[in-house]
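Chains as they are written, first to last, in the working numbering: chain A, 1 to 324; chain B, 1001 to 1337.
In this text, a Cβ means the ideal position worked out from N, Cα and C, and glycines have one as well.
As structure tokens, this is what we get:
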């Protein structure tokens, strides 16, 4: 199905926001201004956006420690996100969550998660809630090829099938669980989708570096799961991680020229531009205009984050029912 | 008032709250029971009979039998709670927190704080705890000593059917995650329970079950009854004991303990968990810090030994704090100097 010009521009903008948000974080982390552990999503934007462009705020997602892309794609405010990662009081979580623990439940974003594999069971609960409410809403569990080896993910897949939860397991296979290769860590079949299939789910596969592949695949998956009574489904997207596991990771596990190669041939943003300009759907000028707009938005977000009030020692004791 | 068993108080409270609020859902292993068998659904209704009949009344959407997958049970409760439901999840045995600890410790306990105070997580995680059934090391433990130390969790430990009723209702209506610890040796105990379907007991309010001016005894759960027996025996000798039933270990009613110790000057804390980093240690330390001037004797904890719970009857009896052990501890603080 052909997307309208507005839909194409919006999808591109969403991907570009994630890309530039993180390219900027990559720089600001190196200066030491941003504290803590940060895991960048760059390279995987087509998956988050290709999934979330189909969702309403009533649909829920549960994310991972590599969660900035999912948050932004699900509608979390760019300024609130940046402020949170800068640890400011204006952050989405008042500086209490940070990069790995951002949530915006009102937007249907039930949380990034610092624990690999912890998200899938939570998404099953949200999927059971969607099933009970029977309004065609769904819950999405984003998991990586690392999380696919956690027992919690297996439990979640089985429980989703048993309870017929309106839940979709989106596996983003970026070929690395932390610093260990997919070829080593996934013991059988080298195929995550077939694991999900073994639990009794209908599964799909798509190219996670191609927005259109993700978007069209997800249309089919969602058409299926939104039908009451069909229960869960799973999809595996093959994708690439442009940065290390965490910021500061020397990435000695990469092959010679690997990063240059994937940036050259597997960049979802380059591929999107080539595809839509090649087909005459958008012009280079259209895309350049989005790029300029996004760069300005990121610049503004950083400026606001830097200028925002810092949390105070008194804030430590707030936001829990009792503290001592 | 109605006379009912502790387990009946659990079941009737859940049923009343499900009736009142369509968002209340129940999930856990065998909470329906019999699914996928010749016996058909409701062959069990919970191994503690604490969900019997709920499936027939409220249906499979709201009374959800799960596979044996404790992480997924608590995780699903978390997802339900974040999606506007009020899940009451059963973990069957408190010992099983081990296989679901991430979802308890890193997820439900932390959402509200970690997400800047904007997130409610109204999940109740019920579990049966405690020794007395010769169920041995992996089916008899206390869990409150671990869970009370986790910021963000509310930890409830009712000792009577009436407290089950009032505390469980509060738990289900609460917007924070609540760990509800039901002592398995109390399930058959009967007591008077208020009929009022809005009867609630606020958390952090201890109950004075015996009053006296000589010693303060703090406990909860099965051992509370042992403490009451000791207090009754000593009363005949003219020794007065305040017996404080904590009801909740988090939040904890420090004021009730401190007010009592100010009068008695003597404290015994009777706790079913092993002594290190225990509730007894915690309360003794709190009293030493905040009521030192009132103390006439060192505060004393009565705990099982620092061992796993043993199996054989003789061993389990020797393991658990008993009426004679509690009495000895009380006499020890009375005879100090």
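With 8 angstroms as the threshold, decide whether the Cβ of residue i is near any Cβ in chain A.
i	result
residue 1054/B	no
residue 1116/B	yes
residue 1049/B	no
residue 1064/B	yes
residue 1145/B	no
residue 1076/B	yes
residue 1251/B	yes
residue 1111/B	yes
residue 1141/B	no
residue 1138/B	no
What number of angstroms, rounded off, separates the C-alpha of residue i from the C-alpha of residue j?
i	j	result
residue 125/A	residue 1066/B	12 angstroms
residue 305/A	residue 1207/B	49 angstroms
residue 1135/B	residue 1057/B	32 angstroms
residue 1195/B	residue 1001/B	5 angstroms
residue 1311/B	residue 1127/B	20 angstroms
residue 1040/B	residue 1030/B	12 angstroms
residue 21/A	residue 190/A	32 angstroms
residue 1219/B	residue 1271/B	6 angstroms
residue 7/A	residue 1044/B	53 angstroms
residue 209/A	residue 70/A	15 angstroms
residue 90/A	residue 96/A	11 angstroms
residue 1209/B	residue 1051/B	29 angstroms
residue 160/A	residue 1286/B	45 angstroms
residue 321/A	residue 211/A	43 angstroms
residue 1088/B	residue 1171/B	9 angstroms
residue 1017/B	residue 1169/B	7 angstroms
residue 1103/B	residue 1257/B	32 angstroms
residue 1226/B	residue 1297/B	22 angstroms
Output, in chain order, the set of chain A residues within a Cβ distance shorter than 8 angstroms of residue i.
i	result
residue 1152/B	320, 321
residue 1176/B	321
residue 1061/B	131, 132
residue 1180/B	Near residue 1180/B there are no residues of chain A at all, since even the closest Cβ is about 16 angstroms away, more than 8 angstroms.
Closest Cβ-Cβ distance between residue i and chain B: below 8 angstroms?
i	result
residue 178/A	no
residue 382/A	For residue 382/A there is no data in the structure shown, the boundaries of chain A being 1 and 324.
residue 36/A	no
residue 42/A	no
residue 115/A	yes
residue 118/A	yes
residue 312/A	no
residue 110/A	yes
residue 162/A	yes
residue 105/A	yes
Residue i versus chain B: which residues are under 7 angstroms apart at the beta carbon?
i	result
residue 155/A	1069, 1071, 1072
residue 158/A	1067, 1069
residue 97/A	1114, 1115, 1116
I need the boundaries of the beta strand (DSSP E) containing residue i, first residue and last residue.
i	result
residue 1249/B	1248–1250
residue 1155/B	1154–1156
residue 312/A	Premise fails: residue 312/A is in no beta strand (DSSP E) and is neither H nor E.
residue 1301/B	1300–1302
residue 1321/B	Where residue 1321/B is concerned, there is no enclosing beta strand (DSSP E), given that its DSSP letter is neither H nor E.
residue 1092/B	1086–1093
residue 213/A	No beta strand (DSSP E) holds residue 213/A; the alpha helix (DSSP H) holding it covers 211–225.
Does the ligand SAH have a heavy atom nearer than 7 angstroms to the CB of residue i?
i	result
residue 1177/B	Ligands displayed in this structure: none; no statement on the ligand SAH is therefore possible.
In chain A, which residues lie with their C-beta within 7 angstroms of the C-beta of residue i?
i	result
residue 1058/B	Ordered by position in chain A, no residue passes the 7 angstroms Cβ test against residue 1058/B, which lies about 11 angstroms from the chain.
Using a cut-off of 8 angstroms between C-beta atoms, extract the partners of residue i located in chain B.
i	result
residue 94/A	1116, 1117
Just to confirm the assignment, what range does the alpha helix (DSSP H) spanning residue i have?
i	result
residue 1012/B	1006–1020
residue 235/A	Where residue 235/A is concerned, there is no enclosing alpha helix (DSSP H), although the beta strand (DSSP E) it sits in stretches over 233–238.
residue 1166/B	1161–1173
residue 1068/B	Neither: residue 1068/B is in no alpha helix (DSSP H) and is coded neither H nor E.
Starting from the beta carbon of residue i, find every residue of chain E whose beta carbon is closer than 9 angstroms, and list them in chain order.
i	result
residue 1106/B	In the structure shown, chain E cannot be found, because the protein chains are A and B.
Mind pulling the chain A residues with CB within less than 9 angstroms of residue i?
i	result
residue 1122/B	By Cβ distance, chain A contributes nothing, its closest Cβ being about 12 angstroms from residue 1122/B, past 9 angstroms.
Contacting positions in the stretch 1079–1101 of chain B - beta carbon closer than 8 angstroms to chain A: 1079, 1080, 1081, 1082, 1083, 1084, 1085, 1087
Residues of the stretch 120–153 of chain A with a CB closer than 8 angstroms to any CB of chain B: list them in chain order, please. 120, 121, 122, 123, 124, 125, 126, 127, 128, 129, 130, 131, 132, 139, 151, 152
Quick one, which residues of the stretch 42–69 of chain A are near chain B if we go by CB-CB under 9 angstroms, in chain order? For the stretch 42–69 of chain A, residues whose beta-carbon sits nearer than 9 angstroms to a beta-carbon of chain B comprise 60, 62.
Looking at chain A, which residues of the stretch 1195–1217 of chain B have a Cβ within less than 7 angstroms of any of its Cβ atoms? Those residues of the stretch 1195–1217 of chain B that come within reach of chain A (Cβ to Cβ, closer than 7 angstroms) do not exist; the list is empty.
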